[in-house]
Each structure stands twice: as structure tokens, then as C-alpha cells.
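Peer 1:
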Amino acid sequence: MRAMVLRTPAAAEEHPLAELTLPVPAPGPGEVLVRVRACGVCHTDLHTVEGELAAHRLPLVPGHQVVGQVAAFGDRPGGEAPPLAAADGSALRLGDRVGIPWLWKACGQCRYCRRGAENLCENAQFTGYDVDGGYAEYTVAPADFVYRLPANMTDAAVAPLLCAGVIGYRCLRLTGVIGTSPELPTGGWGRGAADADGAPRLGLYGFGAAAHICLQVAVHHGWEVHVFTRGEHHRRLALELGAAWAGAAGEAPGGDPARLLQAAIVFAPAGELAREALKAVDRGGIVALGGIYSTSLPPLPYDIIYGERVLRSVANSTRRDALDLLAEVRRNPVRTEVEEFSLSRANEALIALKESRLRGAAVLRLS
42 MRAMVLRTPA AAEEHPLAEL TLPVPAPGPG EVLVRVRACG VCHTDLHTVE
92 GELAAHRLPL VPGHQVVGQV AAFGDRPGGE APPLAAADGS ALRLGDRVGI
142 PWLWKACGQC RYCRRGAENL CENAQFTGYD VDGGYAEYTV APADFVYRLP
192 ANMTDAAVAP LLCAGVIGYR CLRLTGVIGT SPELPTGGWG RGAADADGAP
242 RLGLYGFGAA AHICLQVAVH HGWEVHVFTR GEHHRRLALE LGAAWAGAAG
292 EAPGGDPARL LQAAIVFAPA GELAREALKA VDRGGIVALG GIYSTSLPPL
342 PYDIIYGERV LRSVANSTRR DALDLLAEVR RNPVRTEVEE FSLSRANEAL
392 IALKESRLRG AAVLRLS
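Mapping of the sequence shown onto my numbering: residues 42 to 408, in sequence order.
1) Check this for me: beta carbons of Tyr246 and Ala305, under 9 Å apart or not?
2) Using the rule of at least 16 other Cβ atoms within 10 Å of the residue's Cβ for burial, across every protein chain shown, is Thr180 buried or exposed?
3) Where in the stretch 43-90 do unbroken runs of the alpha helix (DSSP H), each at least 4 residues long, occur, reported from the N-terminal end onward?
4) Going along the chain, which residues of its own chain have a beta-carbon closer than 8 Å to the beta-carbon of Gly312, five neighbours each way excluded?
5) Starting from the C-beta of Thr227, find all residues in its chain whose C-beta is less than 6 Å away, skip the five residues before and the five after it, and write them out in chain order.
6) To the nearest angstrom, report how far apart Ala393 and Leu399 are at their CA atoms.
7) Taking its Cβ as the centre, do 16 or more other Cβ atoms sit within 10 Å of Ala132, making it buried, or is it exposed?
8) I need the DSSP call for Val260, collapsed to helix, strand or coil.
9) Is Tyr210 helix, strand or coil when you go by DSSP?
10) Looking at the structure shown, is Phe186 part of a helix, part of a strand, or coil, going by DSSP?
11) With the cut-off set at 9 Å, would you say Gly326 and Val351 are in Cβ contact?
12) Count the CB pairs spanning the stretch 290-310 and the stretch 45-58 that are closer than 8 Å, and state whether there are at least three.
13) For Tyr347, which of Gly217, Leu319, Val107 has the nearest alpha-carbon?
14) Return yes when at least one heavy atom of the ligand PLP lies under 8 Å from the C-beta of Gly295, else no.
15) Using the C-alpha atoms, what's the distance from Met42 back to Leu63?
16) Give me, in chain order, the residues of the same chain whose beta-carbon lies closer than 7 Å to that of Pro191; leave out the 5 immediate sequence neighbours on both sides.
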């Protein structure tokens with residue numbers, strides 16, 4: 042099979058991914074072989090390829106937003122007769138379209154897994170980081186960590202949901218935008234959280250693959266979304282997708298210093314944006330850091346976190362997050378902006394991502 046392989050981390054401009062021919066992997070017990078049709082290109086891939094995140098193995102096939110078809114099954118654990126089941130418990134069949142996300146496997150036994158926090162698993166393995174991922178014609182994954190995908194979305198359109206979408210959804214949960222958050226006195230913001238005449242306000246710092254999905258989900262849930270980003274093309278897209286305002290970090294939300302945010306999510310890997318977001322949120326507001334990597338946080342004067350403001354990180358995601366996001370977009374469809382690249386152009390896709398030239402997300406097409 043063809044695969045783009047990282048042997049030595051280096052700047053994306055040096056084209057560190059080499060196109061090689063590798064054996065098709067064999068699925069182990071409880072695993073499925075997936076013929077890859079599309080794979081999203083994520084900032085985590087860029088951080089791994091460039092060495093900002095140390096890969097747990099080399100050589101490595103990156104990619105963890107994988108869309109494909111079930112091509113073969115490994116043995117059933119213990120020789121069980123029933124077919125292997127996907128993350129939602131449904132039986133998998135040859136040819137089924139499935140998605141493989143960042144969380145390749147959790148142990149199910151550690152103290153975090155036992156309390157339902159498999160995203161914090163001590164023994165977790167991650168797609169395209171601990172095991173070979175989707176920058177290849179075939180890959181394998183545990184059956185119970187693959188997902189059925191919305192039928193009304195193309196392979197390229199659905200790929201960004203598998204990391205960018207899922208981590209954005211978890212950020213929305215942990216800031217109380219959807220569902221509940223334990224930091225909030227009532228468990229969630231509700232529509233009365235902002236001014237009497239307006240919806241609660243969410244700020245998004247950085248506007249790439251995750252943010253452009255996150256924005257649409259938040260708007261569906263009645264939030265007024267303000268986007269802080271440098272690129273004019275990103276600002277235009279944000280407004281097209283329903284943002285109330287788009288401008289630069291450091292500007293007042295909506296241009297009005299009195300219009301504070303109830304929640305903010307920082308997607309850009311720049312530590313100084315945490316300080317800007319804290320300045321922009323109201324008392325009791327939550328700022329979530331949505332990236333797996335960031336530059337160092339600057340000193341934080343106590344007065345910008347005083348008033349029961351919360352600064353928290355968001356680590357990975359759970360199967361529940363992914364299942365709930367996929368159910369959400371079946372009810373309330375989202376528009377993913379994608380730029381497609383062939384597998385052999387993976388280095389070019391990473392450079393475009395690094396230089397913020399993408400309007401939404403990059404996706405490698407293999408079919």
C-alpha cells in the first residue's frame with residue numbers, strides 16, 4: 042500500500058513525509074482493517090511532524106481523522122461468534138463506512154477509565170501517534186473505537202469532525218455552552234446568562250478546522266459567537282457561518298468593551314491568547330484551551346482571573362463526545378469547509394495549514 046511516512050521530524054517546508062510502499066497491516070483480535078478514503082489534516086499532525094510533540098514511535102504514518110470502509114476483520118476476542126461492534130454497539134459488516142478518531146484505544150482498567158474519563162487514560166493509544174494512522178491506503182483500529190458516520194456527508198466533509206469537531210464539541214461541553222459544566226452554579230449558562238436583551242456570548246480565538254465547526258454548533262444552541270482571528274479570509278468565513286462579529290484578539294467583543302463574554306475557547310496554539318480571553322470574559326466565565334500543544338502561558342495578573350473566572354485545558358475526547366457530536370450533526374447539519382489534497386501532497390497540506398492559508402480544513406483524498 043502507499044503511505045506517507047515520517048522518519049525524522051523536521052519543518053514542514055522540508056517535506057519530512059516520504060511516500061513509501063508498505064505492507065497492508067493485518068487486523069489483530071477485535072480490530073478491523075479499514076481501506077482509507079479520506080483523512081483530515083490536523084494541527085496535531087503538524088506538531089508531530091515538526092517535532093513539537095515527540096512521536097512515540099518512528100517511523101510513523103500520521104493522520105487521525107480517518108474515513109474509510111471496513112475491509113477485513115481480525116479474530117473475535119476469545120473466538121466469540123457475534124460480529125465485532127462499533128463504538129455505538131452496532132454490528133459491523135464488510136464495506137461499512139466508518140471513522141477513526143484521535144483516541145485509538147483506552148485500556149478500560151485504569152482509575153480514569155473506571156470513572157468514565159477514558160480521554161485521560163494512563164495507557165491510551167492515539168491514532169497517527171502511537172500507532173500508524175490514516176495517511177495511507179489502509180489502517181487498522183479496534184472495532185469498538187470506530188464510528189458510523191452521517192450518511193448525508195461526503196468522505197471529505199465528514200473527516201474534520203473526527204478530531205476538530207469532537208474536540209470542539211468537548212470544549213463546548215466544558216465551558217457550559219452545551220449540556221452542563223460542574224464549574225457553573227446552575228450546571229449550564231442558559232439564555233439568561235447574558236444581558237436581559239441578548240443571548241449568552243462565546244468567544245473563539247483562532248479560526249481553523251475546529252473553530253469553524255464549533256461556531257455552527259454554538260449558534261444552533263442559541264449562542265452569540267465572536268471570533269478573534271488575524272486572517273481576513275477567516276473573518277469572512279466566520280461571518281458567513283453565523284458569527285455575530287469577527288476581529289482581532291485584544292479588541293472588545295463586538296467592538297463594545299461592555300459586552301463581555303460568558304465563555305471562550307482558545308484553539309490557536311499561542312499561550313498569550315489565554316490572557317486575552319480571560320480579559321474578555323465576564324465574572325464566572327470559563328476559558329478553555331482546546332489545543333494539545335501551545336506556547337507557554339504569559340504571567341497572569343490576578344485581577345484578570347479574579348471573580349471566579351476559570352481557565353482550564355481540554356485533553357483528548359471520549360467515545361461519548363464523538364457519538365454525541367455525530368448525533369448532533371445529524372439533527373443540525375454543519376457545513377465543513379475543506380480543501381482537498383492527494384495523498385502524495387500531504388507535505389503541501391501541512392505547509393498550507395502552518396501558513397494559515399486554509400479556509401477551513403485540509404483533507405487528503407485517497408479514493
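All residues carry an ideal CB built from backbone N, CA and C; glycine is no exception. Keep in mind it's a predicted model, so treat the numbers as computed, not measured.
Peer 2: Taking the coordinates as given:
1) Contact: yes.
2) buried
3) 84-90
4) Cβ-Cβ distances below 8 Å link Gly312 to Ser335, Thr336, Ser337, Leu338, Pro339 in the same chain, with the five nearest sequence neighbours on each side left out; the list follows chain order.
5) Note that Thr227 scores 43 on pLDDT, short of 50, meaning its location in the model is unreliable and no value can be drawn from it.
6) 6 Å
7) exposed
8) helix
9) helix
10) helix
11) yes
12) no
13) Leu319
14) Absence of the ligand PLP is noted for the structure shown, with no ligands found whatsoever.
15) Whole-angstrom Cα-Cα distance: 5 Å.
16) Cβ contact annotation for Pro191 (same chain, cutoff 7 Å, sequence separation greater than five): Val199, Leu367, Val370, Arg371, in chain order.
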